[in-house]
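Colleague:
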Amino acid sequence: MTFSCTKKVLDRIGKYHPIDETRQETGFYNWYVDQINLERKNYFLFTNSETLFSFFIYAGTKLELADIEDLFKQKLAEQIIREISSAPELIEKALGPQSGCTFHKTNSRSVLGSMNELKYLIWAHLEREELEYKYDFINHALNKCPMSALKYEYPQDVMREKLVT
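Remember, my numbering sits 4 above the position in the sequence shown when you count from 1.
#1: Does DSSP put M163 in a helix, a strand or coil?
#2: In chain order, which continuous runs of the beta strand (DSSP E) of length 3 or greater are located wholly inside the region 80-136?
#3: Below 8 Å, how does it come out for the region 35-55 and the region 88-95: are there three or more Cβ pairs, yes or no?
#4: State whether the region 63-74 contacts the region 93-102, with contact taken as three or more CB pairs (one from each stretch) at a distance under 8 Å.
#5: With a CB to CB cut of under 6 Å and the five nearest residues on each side skipped, what residues in its chain are close to M5?
#6: Using only the alpha-carbon positions, how far apart do Y158 and H21 sit?
#7: What is the residue span of the beta strand (DSSP E) that N46 lies within?
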């Protein structure tokens, strides 16, 4: 699993994980990571570089930063079960090879632009929603929004297609 991180994210996790200075090509197991502040707390927004399937997790304390790979895998499995299917083979395929995770710099402005669209969508939902489980709802809504980089397909459908084939 490869994480292509923005400078803000690299600065925060650099104390806990080694940073590879090379830039990685986009691929199914390459996830882009950007920081987003919601209600004065720090979260990391993860976006798949091919499918734009996205979710965010809390990353405010040293404990979360040191354990970011496991938090990512838990949340990804949870999102796959919630949004696509509970089939174990799809979850295993989404999690990819069980080798270690590497952290790199970003290299695709297209993916970063899509992530900025998603950030605005998150902020809009936060202002509008008064739900008790609003973060789960927002994570669901992120993948039900057609993305221009996918020719107006839903990230959820593109991820399902990649996992099934």
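We put the CB at the ideal spot given by N, CA and C, even for glycine.
Modeller: On the basis of the data shown:
#1: Taken through DSSP and simplified to helix, strand or coil, M163 comes out as helix.
#2: Secondary structure within the region 80-136: the beta strand (DSSP E) runs of 3 or more consecutive residues, fully enclosed, are 106-109 (chain order).
#3: Output reads no: the region 88-95 does not touch the region 35-55.
#4: no
#5: Y33, G100, C105
#6: 33 Å
#7: 45-52
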